[in-house]
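A.B. asks: I'd like to ask some things about the structure below.
Chains as they are written, first to last, in this note's numbering: chain A, 826 to 1178; chain B, 826 to 1178.
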């Protein structure tokens, strides 16, 4: 994984007198392998130093990749300056570093002349996945899918949304997931029209469609899926919307090619739904990157000019929400390749009880 | 809950030309009742304005308490200045507001002369719980305890730590918990010596002691408990340490009085363990506040001079960790009253299979 740091050095063009400093837990993991979450990572052209406190020294030493030097600190504000002695320009995460932190930094390393924002560089790097990351995401998908199939066994009229979420969380852990990758959404009937309706005590009823949006964490990487469960006989309207969303999702999957922009991919599904007269009910973006976080770059939105290059892993999840009636969303995790996207998830799109 | 805002105004001494601005999700909930997590809350001497985007307007309008005005924003950086027109001094969370955010603020509201740190005020307010908060924490404790009793049924030699954590997470949800309040710790045998050993695939064995540290979220409030499970016959040494930690915990509970300092309370348990020759293996603080977050003020540590006033809810959790051998921790949630602490949790301290 040494090459990640190498890439960062090149992107930032780290020359003598410059360093990159991060405390962002996800970046610590991405750049060093350390999962403890708390530490100070200092990268210069020559060295990679991870400063951790006494709780983490053993763990960090076990976890970090070759080339990362683990250093125990006791009083960070007294010890940090010695690691930034020759530095004139420091790259920091301006979207993470707090006012308190930067004020303290300015006080203890007054010789640093420039603080520059490194945010975008890291997030753009993390957007493109390597083989190892893909393997972990595939495993997280596998866990989520198998847990879903187990959970299906208990879904029938009368069970609550909470019952369904409890089963998913149980099976994902049993199957090797570390936990759910976000608050599980189980939204049945009229609750389906809330795009983020986390599981409630509402009972599932005959004739409803259920939106289930869930995912697992596996060794620091996530999956994110949405499937529809149809309980018995549903209205013609519900059936039409189901098919429309399925059609929109499949159209986007078939049409997404390297290296379209995010908004071109978003438009594939949005235009399909426009033809069906449903575009106004598709009230969110088509998708988002996944990886160490559940929402990463790129945003696959109608406003984004981001180029979707190969090895970017993201969700394709069109949805239609009819307030007071029901909602439909179908979501897969896909990876862009030279020949279009491959779908990493494999469950049927719609399950009928 | 209007009085929370009133208290804040008094503590900050908010006069004309001053306002408090927060985006911290926990503070939004504490001060307005809004659970959506994303928004901009502006409090002046006269008004309480919560700015949210289109995803949250309905939810915010449903949830906020009397006196909070919900305002829809579309482009925050263009609209924010109009709400800060007369403001010369703005209170912000310096430990939360990022460099990016403050730079943007300085640009769009150049007439603001002073930015002051409000961090401490909010955390100190949240430290002291009202009746409503206590009720929610008690419910979160109730859910965690009942889930534990259900989980006990499956614990026997051969089950993995992961199995145990899966059961806990399942039952906490089924019993009305929204999710676990932190990553469940199940650490058996030698793994118990890791104070934060989250559940692994290790199997529980005859003769081991298991540290189980878990809690539930209930309507935004947490519980946090640790219990020991003894599997069959254990060594004399393990039994001694178990009794020592239990004694230390009970001593701290009996001895903690209003209004001792945090370090005086910490010392009750630490001195007890010192007498047993175990103090050096008690490598963390005695406890911490709980509430909306799993770790709140006060830190009940040997270094803290914080006064533990009545209605502060916190954990008492001494632990002894013998690297390579085993670990023992026992944790209850307690509330300070005029007559010492009352223990909100009620499970036996040690369970023997």
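Every residue, glycine too, gets a C-beta built ideally from N, C-alpha and C.
As the structure is a computational prediction, the values presented were derived from the model and not from experiment.
Please tell me whether residue 971 of chain B has its Cβ less than 8 Å away from any Cβ of chain A.
C.D. replies: no
A.B. asks: Please specify which runs of the alpha helix (DSSP H), each continuous and at least 4 residues long, are wholly inside the region 927-1006 of chain B, giving them in chain order.
C.D. replies: 944-952, 956-977, 986-999
A.B. asks: Using a Cβ-Cβ cut-off of 8 Å, state whether residue 991 of chain A counts as contacting chain B.
C.D. replies: yes
A.B. asks: In the DSSP assignment, find the unbroken alpha helix (DSSP H) run with residue 1094 of chain B in it and report its ends.
C.D. replies: 1087-1100
A.B. asks: Run through chain A and tell me which residues come within less than 7 Å of residue 995 of chain B, C-beta to C-beta.
C.D. replies: Within chain A, the residues near residue 995 of chain B are 991, 994, 995.
A.B. asks: Please identify the residue among B/923, B/897, B/1037, B/1080 whose C-alpha is closest to the C-alpha of residue 1163 of chain B.
C.D. replies: B/1080
A.B. asks: Taking 8 Å as the CB-CB cut-off, is residue 1141 of chain A touching chain B?
C.D. replies: no
A.B. asks: Answer yes if the region 932-950 of chain A comes into contact with the region 970-983 of chain A, meaning at least three C-beta pairs across the two stretches below 8 Å, and no otherwise.
C.D. replies: No, the region 970-983 of chain A does not touch the region 932-950 of chain A.
A.B. asks: Report the option in A/899, A/1161, A/1145, A/903 whose CA atom is closest to the CA atom of residue 1064 of chain A.
C.D. replies: The residue with the shortest Cα to Cα distance from residue 1064 of chain A is A/1145.
A.B. asks: Distance check for residue 875 of chain A and residue 1078 of chain A, CA to CA, integer angstroms please.
C.D. replies: For residue 1078 of chain A and residue 875 of chain A, the gap between their C-alpha atoms comes out near 41 Å.
A.B. asks: Quick check on this structure: which residue in B/1067, B/1056, B/848, B/881 has the alpha carbon closest to the alpha carbon of residue 923 of chain A?
C.D. replies: The residue with the shortest Cα to Cα distance from residue 923 of chain A is B/848.
A.B. asks: Any beta carbon from chain A within less than 8 Å of residue 838 of chain B's own beta carbon?
C.D. replies: no
A.B. asks: Using a beta-carbon distance cut-off of less than 9 Å, what residues from the region 910-931 of chain B approach chain A?
C.D. replies: 917, 918, 919, 920, 921, 922, 923, 924, 925, 926, 927, 928
A.B. asks: From this set, B/1089, B/1103, B/1045, B/1043, which residue's C-alpha is nearest residue 1068 of chain B's C-alpha?
C.D. replies: B/1103
A.B. asks: Any beta-carbon of chain A closer than 8 Å to the one on residue 975 of chain B?
C.D. replies: no
A.B. asks: Have a look at residue 846 of chain A and residue 883 of chain A and give me their C-alpha separation to the nearest angstrom.
C.D. replies: 22 Å
A.B. asks: Within the chosen definition, does the region 1083-1095 of chain B reach the region 1126-1135 of chain B through at least 3 CB pairs nearer than 8 Å?
C.D. replies: By the C-beta criterion, the region 1083-1095 of chain B is judged to be in contact with the region 1126-1135 of chain B, since at least 3 inter-stretch pairs fall below 8 Å.
A.B. asks: DSSP on residue 1071 of chain B, reduced to helix/strand/coil?
C.D. replies: helix
A.B. asks: Against chain A, with Cβ distances strictly below 8 Å, would residue 1044 of chain B count as a contact?
C.D. replies: no
A.B. asks: By how many angstroms is the C-alpha of residue 987 of chain A removed from the C-alpha of residue 1026 of chain A?
C.D. replies: One C-alpha to the other measures close to 6 Å.
A.B. asks: Please report the straight-line C-alpha distance between residue 900 of chain A and residue 926 of chain A, rounded to a whole angstrom.
C.D. replies: For the pair residue 900 of chain A and residue 926 of chain A, the Cα-to-Cα distance works out to about 14 Å.
A.B. asks: Name the DSSP bridge partner or partners of residue 1139 of chain B?
C.D. replies: Under DSSP, residue 1139 of chain B takes part in a beta bridge, and its partners are B/1114, B/1159.
A.B. asks: Given 8 Å as the limit, is there contact between the region 958-967 of chain A and the region 1034-1043 of chain A, that is, 3 or more CB pairs closer than that?
C.D. replies: yes
A.B. asks: Could you name the residues of chain B that residue 988 of chain A contacts, counting a contact when the two beta carbons are closer than 9 Å?
C.D. replies: 998, 999
A.B. asks: Take the Cβ of residue 840 of chain A as the centre, count every other Cβ of all protein chains shown within 10 Å, and call the residue buried at 16 or more, exposed below.
C.D. replies: exposed
A.B. asks: Check for me: the beta strand (DSSP E) holding residue 1177 of chain A runs from which residue to which?
C.D. replies: 1175-1177
A.B. asks: Beta-carbon within less than 8 Å of residue 1071 of chain B's beta-carbon, same chain only, minus the 5 sequence neighbours each way: which residues are those?
C.D. replies: 1155, 1174, 1175
A.B. asks: Do the CB positions of residue 1161 of chain B and residue 1137 of chain B come within less than 8 Å of each other?
C.D. replies: yes
A.B. asks: Name the chain B residues that come within less than 7 Å of residue 1004 of chain A, Cβ to Cβ?
C.D. replies: 1008
A.B. asks: With DSSP run on the structure shown, which of helix, strand or coil describes residue 1066 of chain B?
C.D. replies: helix
A.B. asks: Where are the beta strand (DSSP E) runs, 3 residues long or more, that stay fully inside the region 1005-1067 of chain B, in chain order?
C.D. replies: 1010-1013, 1034-1039, 1041-1043, 1050-1055
A.B. asks: Within 10 angstroms of the Cβ of residue 1074 of chain B, are there 16 or more other Cβ atoms? Answer buried if so, exposed if not.
C.D. replies: buried
A.B. asks: Rounding to the nearest angstrom, what Cα-Cα distance links residue 895 of chain A and residue 1119 of chain B in this structure?
C.D. replies: 28 Å
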